[in-house]
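K.L.:
Here's a structure for you.
In the UniProt record's numbering, the protein residues as written are 1 to 90.
Okay, structure coming up:
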């Protein structure tokens, strides 16, 4: 169980970091937020893989590294789109 948690964190860090490199613009995310981005992206990639390929397993499953990167890019694009500045510029 401990090994699974560590591997999810490492894959999340790698996928989140690659997604931040691929998506243009500046993202003000800390390292823990980058890890969380990659972990959420892994589940998004797993869900998309389930929708496309309909292989065995449930629709809520982690993906491999490629699926995690694709999912993290999608999550990061949505994050940058919907987390605009809350204040107005004077």
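Glycine included, every Cβ here is placed at the ideal spot set by N, Cα and C.
Taking the alpha-carbon of residue 69 as reference, which of 51, 54, 83 and 44 has the nearest alpha-carbon?
P.N.:
Closest by alpha carbon: 44.
K.L.:
Give me the Cα-Cα distance between residue 73 and residue 35, rounded to the nearest whole angstrom.
P.N.:
Those two C-alpha atoms are separated by around 13 Å.
K.L.:
By the three-class DSSP mapping on this structure, what secondary structure does residue 51 have?
P.N.:
It is helical.
K.L.:
Is residue 64 near residue 48, with beta carbons less than 9 Å apart?
P.N.:
No.
K.L.:
Quick check on DSSP: helix, strand or coil for residue 78?
P.N.:
If DSSP states are grouped into helix, strand and coil, residue 78 belongs with the helices.
K.L.:
So, residue 41 versus residue 12, is the Cβ gap smaller than 9 Å?
P.N.:
In this structure, residue 12 lies closer than 9 Å to residue 41 by Cβ.
K.L.:
Go ahead and label residue 21 buried or exposed: buried means 16 or more other beta carbons lie within 10 angstroms of its beta carbon, across all protein chains shown.
P.N.:
Flag for residue 21 reads exposed.
K.L.:
Using a Cβ-Cβ cutoff of less than 7 Å, which residues in the same chain neighbour residue 15 once the five nearest sequence positions on both sides are dropped?
P.N.:
Only 38, 41, 42, 65, 68, 69 and 72 meet the Cβ criterion.
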